[in-house]
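Take a look at the structure below.
Chains as they are written, first to last, in this note's numbering: chain A, 67 to 520; chain E, 67 to 520.
Pasting the structure below:
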């Protein structure tokens, strides 16, 4: 059933069945459901109810569900279980990469305890290896399970060996070809195997032009490569070129989406991954930091304005357009930053140098600034504002738009060079900064024109 | 070579080789490169230079490069070629989905012309079929090429038939199982084939629990399903359940990234897909619309302030905090909207009703509002502001934060129900609206306290 729709009714019914301990009905319900759906259901249940469900599922499914859970739900659930159960019921039935991710969420002591309960030494060893990698590196994304053949084998030998290996692997996307030292040589597509005569040797039919990454390559780079070259799986090699694992696209899809979402969250002033279903405290924790920045910024802004108290006392009409100019600075700056951030993320920055980019941005800024200044000038004329105010607003609009676009282009490029996530530049921080500077420019120009023309 | 890095030097060298018509060197250069890399290079070349490269590539590679090009570069390039070349050199060597996408970019007349030049009637027919689908539907994403076996076949029969079919297909992810009427029954994993005895019948070993979508399902829904269930390929069925095509993950990765990027662009005030490498005019076109909205909003804001001219004349210090309060309204509203937008996108809205969400948002808002009001109150006390101003700023901060979060939560939910992209709510439009309303609340409260306390 593709379109499983989680409803309040469904949960209520399930909870009744659970409290009635109606194991048969529940078991048949669960067998129809995909682990991802069960994970959604789980998030609506109490620990006790969830446990009851878990022990009605076979080990493979229970393990899959655990992998699909949100991190904090999973933590809560696992804390309530003894290490041995976790090891034997869940970890033993997972791909090494999922197992490592989940164990990696626990403290070292618990990690050791669980690993010690895993019967198969190789599995435990694989997981231990993976735990050593940074989770945002190729090594952290890869799974140890893969299918490889030696370059000097013929197809029947390959098939025999693949049968053995296949028991370990969920899905076969590529068959990897290695030499006797385990050095990655290339891939053997199943298509090629189907189309080649049975007696052909791997050496003569494999595809040597294979993309691969070293263990320590960053997750973002991995996703960029798999996305650009439309790869479903990407082999990972060690420093001497030996095949150590493979990264599958489903793990990378998460990286790609999370990257894009992270930028969006920073742009909209949210600190960490937050969902509508999270509780009030988490929501506040995710929002208040940026609001505090905004508050401090606003207070600084008020000081700036305070510094011009005299001129505002004399010409209160100056206050009318403060908000407009400040907001414009914020909007323009955010646009410029967003474009840089996105180009950096997609690796699509073109070949222009930083100076080249700034020069181009100057042109765009001048164009926008001209259009906007003309419009605001026209408005002031029509509204019959006095010459001083009109000149101030027009000149301020022009300078603020130009300044903000350059500032907005430069900051993310700078952050990027400083190895800070450039997306921060599209967040309230720089926007607030632009507000303040815009305000300052406006009032400075204002005091000039009003002292000149009044 | 994974890390092909496009450099200015590389392009210069290539352009020299092209003007020197050094075909051999260029050909050997090109054979080392992945089509996606060649596409990047192409974007730096003139049409003439690009054409020269194209005719040095074999048909398959040329077709792949064309698929990898940015849409507008591809258009420019194809316009300079006769329909027959396009049909025979490119379209004939593409998967039906890529072919349909590319032909779909042209006007009907050109489409017919090209289709008429395709030798294989089936291919032409497949493409014509695909052209009928909305490009944002499952039908628009799918390719006709797939490998299917009948449920009553045995493994040797499957292998024989798969050999024939494999010539059409680039990569084999799943083998689909259909009955004699072509109705999709399930999938047969290659793993299963490897592990089962040769004489077993498909019926007894295939996996009947297969996800599929109807032709008219929206692309967003497709990507949600493939992402949630970690699918590499998703079969597409017609209204009676017959297998008509398959969607592969690489096409969906693009949908996922574009969706996320679209939200980010809307949030940062960019209208259409824009990249740093685009020209000045395109940049201005992408930015000016939101800036105009901001301008109009700012002007309205100035009218609002103008409406309170009297009170500002008397108490210019009111002007100090206008910016702060307005900005706070904008920030808070954007945060609330962003959370709703993201939950809607990830289909992760939880089970709370709209009312439930608003109630929860009230709690969060009250919490944030209290914190921020206390802080701004403390600041005013320390800064020694008079009682009227202190009360105004504190009360305004509280009301604006509460109002903006509710407004920011409600608007995207409303837009979503009206089938308008809710991400619009995080853009400058609602932010500007929040600015203005914030300003109004502030000055209303101000006139109250100042008339009361002064």
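Ideal Cβ placement from N, Cα and C applies to all residues, glycine included.
Here the structure is a predicted model, which means the values were calculated and not measured.
- Query: What did DSSP end up calling residue 266 of chain E once you bin it into helix, strand or coil?
  - Reply: coil
- Have a look at residue 407 of chain A and residue 335 of chain A and give me their C-alpha separation to the nearest angstrom. 15 Å
- Message: If I measure Cβ to Cβ from residue 280 of chain A and keep anything under 8 Å in the same chain, skipping five residues before and after, which residues do I get?
- Response: 204, 302, 303, 304, 305
- Could you check if residue 103 of chain A is buried or exposed, using at least 16 other CB atoms within 10 Å of its CB as the buried criterion? buried
- When burial is assigned at 16 or more other CB atoms within 10 Å of the CB, is residue 67 of chain A buried or exposed? Low per-residue confidence applies at residue 67 of chain A: pLDDT is 42, beneath 50, and the placement is therefore not dependable enough to give any value.
- Query: residue 189 of chain E touches chain A at which residues, Cβ-Cβ below 8 Å?
  - Reply: Near residue 189 of chain E there are no residues of chain A at all, since even the closest Cβ is about 19 Å away, more than 8 Å.
- If you check the beta carbons only, do residue 370 of chain E and residue 147 of chain E fall under 9 Å apart? no
- Item | CB contact below 9 Å: residue 68 of chain A versus chain E | For residue 68 of chain A, the predicted structure reports a pLDDT of 47, less than 50, and the residue's modelled location is therefore unreliable. A value from the coordinates is still provided. For residue 68 of chain A, the answer is yes, since a Cβ of chain E falls inside 9 Å of its Cβ.
- Task: Enumerate, from N- to C-terminal direction, the unbroken beta strand (DSSP E) stretches of 3 or more residues contained entirely within the stretch 393-467 of chain A.
- Result: none
- Item | Contacting residues, own chain, Cβ-Cβ under 8 Å from residue 424 of chain E (five flanking each side not counted) | 472, 475, 476
- Item | Where residue 264 of chain A falls, given that 16 or more other Cβ within 10 Å makes a residue buried | exposed
- Query: By the criterion of Cβ-Cβ separation under 8 Å, what are the contact partners of residue 356 of chain E in chain A?
  - Reply: 397, 401
- Query: Taking buried to mean at least 16 other C-beta atoms within 10 Å of its own C-beta, is residue 500 of chain E buried or exposed?
  - Reply: buried
- Since residue 438 of chain A contacts residue 467 of chain A with CB under 8 Å, what's their CB separation in whole angstroms? 6 Å
- Per-residue burial, residue 447 of chain A [other beta carbons within 10 Å of its own, 16 or more giving buried]: exposed
- Query: In three-state DSSP terms, what is residue 162 of chain E?
  - Reply: helix
- Query: Buried or exposed: which applies to residue 211 of chain A, given that a residue is buried once 16 or more other Cβ atoms fall within 10 Å of its Cβ?
  - Reply: buried
- Item | For residue 242 of chain E, three-class secondary structure by DSSP | strand
- Message: Determine whether the beta carbon atoms of residue 434 of chain E and residue 398 of chain E lie at a separation below 9 Å.
- Response: yes
- Item | residue 453 of chain A burial status per 10 Å Cβ neighbour count (16 or more: buried) | exposed
- List the whole-angstrom C-beta distance separating residue 141 of chain A from residue 101 of chain A, where the pair is believed to meet the contact cut-off of C-beta under 8 Å. Not quite, the Cβ-Cβ distance comes to about 18 Å (not below 8 Å), so this is no contact.
- Message: Taking DSSP's pairing of strands, which residues face residue 312 of chain E in a bridge?
- Response: E:209, E:301
- Query: Can you tell me the Cα-Cα spacing of residue 329 of chain E and residue 383 of chain A, whole angstroms?
  - Reply: 37 Å
- Between E:260, E:257, E:314, E:182, which lies nearest to residue 278 of chain E when the distance is taken from Cα to Cα? E:314
- Message: Does the CB of residue 81 of chain E have a neighbour CB from chain D at under 9 Å?
- Response: This model lacks chain D altogether, as its protein chains are A and E.
- Is the distance from the Cβ of residue 242 of chain E to the Cβ of residue 298 of chain E below 9 Å? no
- Message: Quick check on DSSP: helix, strand or coil for residue 79 of chain A?
- Response: helix
- Go ahead and pull the three-state DSSP assignment for residue 273 of chain A. strand
- Query: Under the three-state reduction of DSSP, which class applies to residue 249 of chain E: helix, strand or coil?
  - Reply: strand
- Message: Quick check on DSSP: helix, strand or coil for residue 188 of chain A?
- Response: helix
- What does a CB cutoff of less than 8 Å around residue 403 of chain A pick up in its chain, not counting 5 residues either side in sequence? 474, 475, 477, 478, 488, 491, 492, 496
- Query: Is it buried or exposed for residue 515 of chain E, if we count other Cβ within 10 angstroms and need 16 for buried?
  - Reply: buried
- Check whether the Cβ atoms of residue 209 of chain E and residue 161 of chain E lie closer than 9 Å to each other. yes
- Item | Endpoints, alpha helix (DSSP H) assigned at residue 131 of chain E | 125-134
- Any chance the stretch 282-299 of chain E sits against the stretch 166-186 of chain E, with 3 or more Cβ pairs inside 8 Å? no
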